[in-house]
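Numbering (the working numbering), first residue to last: 1 to 155.
Okay, here's the thing in structure tokens:
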């Protein structure tokens, strides 16, 4: 079983405000760091992306791939929302599974965001290097998400 990497950050915004930025794939290149291009290929009946093509440049990991997304907004008893994704097709990746879990904090005025990621590449790569790349992707994405949401640039 593949190991995953995860990290969390608190954002001074509601879970809905955070999720709105996460769901806006057209603007990913502005804040994620690694995503250079994003194109929504399919949407569900609520207009949320279910398949997205991403061009990624994360140093050791460069790829053009398609991910399938699954959304769960505020359905857990604690009000947690989440989005998860898995690999549909890729040039370089064998597996990429990830998720953002959003937990209301400070009475719903803040959000605890946990990003979990598992990546497996088709080329040989030491586990330590792969986990470091995952950690860099996660940390940059969480920092970028926090700055994007708190700056109000999502509006």
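Ideal Cβ placement from N, Cα and C applies to all residues, glycine included. These figures come from a predicted structure and were not determined experimentally.
Coarse secondary structure for residue i, derived from DSSP in three states
i           : result
residue 134 : helix
residue 122 : coil
residue 158 : No answer is possible for residue 158: the residues shown for the chain start at 1 and end at 155.
residue 47  : coil
residue 24  : coil
residue 42  : strand
residue 98  : strand
residue 58  : strand
residue 141 : helix
Neighbour-count burial assignment, residue i, 16 or more Cβ in a 10 Å radius
i           : result
residue 146 : buried
residue 41  : exposed
residue 98  : buried
residue 63  : buried
residue 101 : buried
residue 94  : exposed
residue 106 : exposed
Residue closest to residue i, alpha-carbon to alpha-carbon, out of the options
i           : options             : result
residue 111 : 81, 47, 44 and 64   : 81
residue 120 : 89, 45 and 21       : 89
residue 17  : 32, 46, 91 and 104  : 104
residue 33  : 39, 140, 12 and 151 : 140
residue 96  : 23, 122 and 48      : 122
Contact set for residue i: own chain, Cβ-Cβ below 6 Å, skip 5 residues either direction
i          : result
residue 85 : 67, 69 and 98
residue 73 : 81
Close beta carbons around residue i, own chain, < 7 Å, minus the five adjacent residues each side
i           : result
residue 142 : 7, 9, 113 and 115
residue 134 : 5, 117 and 119
Cβ shell of residue i (< 8 Å), same chain only, five flanking positions each side left out
i          : result
residue 36 : 29, 55, 56 and 57
residue 51 : 40, 41, 42, 66, 67, 68, 69 and 88
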